[in-house]
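Chemist: What follows is a structure written as structure tokens; I'll ask about it next.
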Amino acid sequence: MLTAVRIDKYLWSVRIYKTRSIATDECKHSHVLINDNYVKPSYNVKVGDKIQIKAPPIIKSYKVIGILDKRVSAVLSTEYITDITPQEEYDKLVLIQNNRKLAFVKHEKGLGRPTKKDRREIDKFKNEL
């Protein structure tokens, strides 16, 4: 039975990251914390550790329940890790997503480049002068 495994391998095996190299890069760029400490990819994770992952604009939190070193299906991964991210973090994400949608609403007529109809009217006005 395993008692510890590298953090990059663990994050890949419980399907937090798609590839192990992405998990390694995230550890190197200080996006992974264990028990409130930044860790290297070679850090050994143990049962009971609290993992925090910076995924801007939120910080996701997980609790290690079991150790494994081989990738498992998404259904089985819930037996090894639990999501303990506070609801406020997810609410923050929803708020930001809604604000982005509002930013891309079509602008009112008259803002930005003139339409073809506007251009014809401008040309007609210039020719009359």
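Counting from 1, one number per residue, gives the positions in the sequence shown under this note's numbering. From the three backbone atoms N, C-alpha and C, an ideal C-beta is built for every residue, glycine too.
#1: Compare the C-alpha of Val14 against each of Arg71, Ile96 and Lys116 and name the closest.
#2: Residue ranges of each alpha helix (DSSP H) run of no fewer than 4 residues wholly in the region 19–82, ordered along the chain?
#3: Is the beta carbon of Ala4 sitting closer than 7 Å to the one on Trp12?
#4: For Arg6, write down the residues that DSSP places opposite it in a beta bridge.
#5: Thr82 and Lys63 - do their beta-carbons sit closer together than 7 Å?
#6: Can you tell me where the alpha helix (DSSP H) holding Arg120 begins and where it ends?
#7: Looking at Ile7 and Val47, is the spacing between their C-beta atoms short of 7 Å?
#8: Assign Lys40 to one of two classes, buried (16 or more other C-beta atoms within 10 Å of its C-beta) or exposed (fewer than that).
#9: Measuring alpha carbon to alpha carbon, tell me which residue in Ser21, Ser73 and Glu89 is nearest Ile59.
#10: What do you get for Val32, buried or exposed, if any count of 16 or more other CB atoms within 10 angstroms of its CB means buried?
#11: With DSSP as the reference, label Val14 as helix, strand or coil.
Modeler: Quick answer:
#1: Arg71
#2: 20–28 and 74–77
#3: no
#4: Asn44
#5: yes
#6: Lys116 to Glu128
#7: no
#8: exposed
#9: Glu89
#10: buried
#11: coil
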